[in-house]
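J.: Shown below is the structure under consideration.
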Amino acid sequence: MASPRSLFDKVWDLHAVRELPTGQTQLFIGLHLIHEVTSPQAFAMLREMGVGVRFPERTFATVDHIIPTDSQLRPLTDPLAEEMLLALERSCQEHEIRFFDPPSGLQGIVHVIGPELGLTQPGMTIACGDSHTSTHGAFGAIAFGIGTSQVRDVLATQCLTLARPRVRRIDVTGKLGPGVYAKDVILAIIRRLGVKGGVGYAYEYGGPVIDAMSVEERLTVCNMSIEGGARVGYVNPDDAVYAFLRGRPFAPRDAAFERAVAWWRSMASDPDAAFADRVELASAEIEPSVTWGINPGQSCGVNEPLPRPEEVPDGERASVEEALAFMEFRGGEPLAGTPIDVAFIGSCTNGRISDLREAARVARRGKVAPGVRALVVPGSQAVAREAEEEGLDEVFRAAGFQWREPGCSMCLAMNPDKLQGREICASSSNRNFKGRQGSPLGRTLLMSPAMVAAAALAGRVSDVREVL
Ligand code: SF4
């Protein structure tokens, strides 16, 4: 009898083309998602080599990073953004790649549209030239963020050369309390294991809290695996995933869907699968969280005092001092009450319909505080349509939020949505690095969308549990 295996090992072994003398594996990639930022150079390299795209039918494109969120009318106001969009259009036409551009009605952030179109499926290998490709692991796929030269390799060969990571199982036990979300769970995991703790690992998430999550919540958890150093993060597929996929445009249909479900079930980790490492986190330890520093591991409960440099281990002191100095925060004081300038709800971490519903629950309770610039940016055109059908856009507008067109927006500000100067932003995105949101001096506080909405109404960091 075959020994029990994890989903990761099953998917990896099924997609291994061959082992290389370097010890790496040449891995077949089932789905390649591309966007305007990391593909132009890759296509240029293909042209130089006189090589075509090996599997255009496994390659799908969207535009997300540079697209403005105030108006998507062409030509785009920024000539550089327009040129990047034109380049992607030309490459997709030349290589017969399906492009979900704004007129298609299916445009959105690459990690939002893959799942919602049913392109992302259990048991797949997926690659995309964006670090947060780990998102797709929520379906039980093994998904890798790759660089431009690897985008070229996948376009040309549909294969990637990779070293096999070990698998760490992370169980989250218990039940989340009110006002505690998937974002708080992944921030707590990264805080516990560190931003480099996952280097060389794939993370398998499980346990009662993960099992009880919706697919969208699992997408949030898997999305930020890379912020903990793990290039891959996944959850074993279950009935929630199959129900999510049924009827999606690219999911199998009818009898083929039932056959697919049987196969997807077989790909889940075996009950006795061995893992290189195991970690358990109790949900009782998880509170509504906020980052106070300059990496996503520097987070704490909203009412918890920030660390004092003199009280942290020697190896962490310099980074705590640097973070507190940059943020202009003081050790020993909580973040609750910290004034904010900007509130951003969106991104591939938290720009889905369930995120907007939770934020709208809070937005219904008041008005955006004077002086706060508050943006809601749906993750895709489909999310925007669904939200508008439910009247969420009106809820946000009535509360004083701006309702924008889909895109990455202020997650990394490769478009006009940027922080100015020393502004502090309550953000539902995934990175709080210095300069991430467009101003080299801008300050980012990562939190759940409901917490961002609460901060927008109060004009300061607040405990969402007091509003709900
Ligand atoms: S929302 Fe942010 S992290 Fe996600 S794809 Fe866009 S830029 Fe990358």
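When you line the sequence shown up against this note's numbering, it's residues -18 to 449, in that order.
Here a beta-carbon is modelled for each residue, glycine too, at the ideal position from N, C-alpha and C.
Measuring alpha carbon to alpha carbon, tell me which residue in Ser112, Phe238, Ala249, Ile48 is nearest Gly210.
T.: Checked all of Ser112, Phe238, Ala249, Ile48; the closest Cα to Gly210 is Ser112.
J.: Does the pairing of the stretch 423 to 436 with the stretch 150 to 168 give three or more beta-carbon distances under 8 Å?
T.: In short, these stretches touch, since the Cβ pair count reaches three.
J.: Which first and last residues belong to the alpha helix (DSSP H) in which Ala163 is found?
T.: 163 to 174 is the span of the alpha helix (DSSP H), which, as asked, contains Ala163.
J.: Could you spell out where the alpha helix (DSSP H) holding Glu375 opens and where it closes?
T.: 373 to 380 is the span of the alpha helix (DSSP H), which, as asked, contains Glu375.
J.: What residues in its chain sit with their C-beta under 7 Å from that of Glu17, if we drop five residues either side in the sequence?
T.: For Glu17, where only same-chain residues beyond five positions count, the Cβ hits under 7 Å are Val44, His46, Ile47, Met65, Leu66, Leu69.
J.: Examine the ligand SF4 and report whether any of its heavy atoms sits within less than 6 Å of the Cβ of Ile167.
T.: Answer for Ile167: no, Cβ out of range of the ligand SF4.
J.: What's the call for Val34, buried or exposed, on a 16-neighbour Cβ count within 10 Å?
T.: Buried, because 16 or more other Cβ atoms sit within 10 Å of the Cβ of Val34.
J.: Using the beta-carbon count (16 or more within 10 Å), is Val180 buried or exposed?
T.: Val180 comes out exposed.
J.: Would you kindly work out how many angstroms separate the C-alpha atoms of Lys399 and Thr319, rounded to a whole number?
T.: C-alpha separation (whole angstroms): 20 Å.
J.: Could you name each continuous alpha helix (DSSP H) segment of 4 residues or more that falls completely within the stretch 30 to 88, going from the start of the chain to the end?
T.: You should have 60 to 76.
J.: Using a Cβ-Cβ cut-off of 6 Å (strictly less than) and excluding sequence neighbours within five positions of Cys392, which residues of its own chain qualify?
T.: Contacts found: Ser328, Ser410.
J.: In terms of alpha-carbon separation, which member of Arg441, Pro96, Ala257 lies closest to Ile334?
T.: Ranking the options by Cα distance to Ile334, first place goes to Pro96.
J.: Would you list the residues sitting across from Gln7 in a DSSP beta bridge?
T.: Paired residue(s): Arg(-1), Thr142.
J.: Using a Cβ-based criterion (distance less than 6 Å to any ligand heavy atom), does His13 qualify as near the ligand SF4?
T.: Not under cutoff, so the answer is no.
J.: For Gly86, count the other beta carbons within 10 Å of its own beta carbon; 16 or more makes it buried, fewer makes it exposed. Which is it?
T.: With fewer than 16 other Cβ atoms within 10 Å, it is exposed.
J.: Would Arg298 pass as a contact of Gly313 if the rule is Cβ separation under 7 Å?
T.: Taking 7 Å as the Cβ cut-off, Arg298 and Gly313 do not qualify as a contacting pair.
J.: Helix, strand or coil for Ser130, going by three-state DSSP, please let me know.
T.: Correct three-state label for Ser130: helix.
J.: Within 10 angstroms of its Cβ, does Thr58 collect 16 or more other Cβ (buried), or is it exposed?
T.: Answer is exposed; the Cβ neighbour count stays below 16.
J.: Is it buried or exposed for Phe414, if we count other Cβ within 10 angstroms and need 16 for buried?
T.: Looking at its Cβ environment, which holds fewer than 16 other Cβ atoms inside 10 Å, Phe414 is exposed.
J.: Kindly indicate which three-state DSSP category Asp258 falls into: helix, strand or coil?
T.: Asp258: strand per DSSP, three-state reduction.
J.: Closest to Val153 by CA distance: which of Ile123, Asp192, Gln22 is it?
T.: For Val153, the nearest C-alpha among the options comes from Asp192.
J.: Alpha carbon to alpha carbon, what distance is there between Val135 and Cys73?
T.: Using only the alpha carbons, I get a separation of about 15 Å.
J.: Look up Thr280 in the DSSP assignment and give the residues it is bridged to.
T.: Per the sequence shown, residue 280 should be read as Ser rather than Thr. Looking at the DSSP assignment, Ser280 forms a beta bridge with Thr272.
J.: Under 6 Å from any heavy atom of the ligand SF4, does the C-beta of Leu393 make it?
T.: Leu393: yes, Cβ under 6 Å from the ligand SF4.
J.: Touching or not, the stretch 342 to 350 and the stretch 437 to 446, by the rule of three or more beta carbon pairs under 8 Å?
T.: Flag = yes, the stretch 342 to 350 and the stretch 437 to 446 touch.
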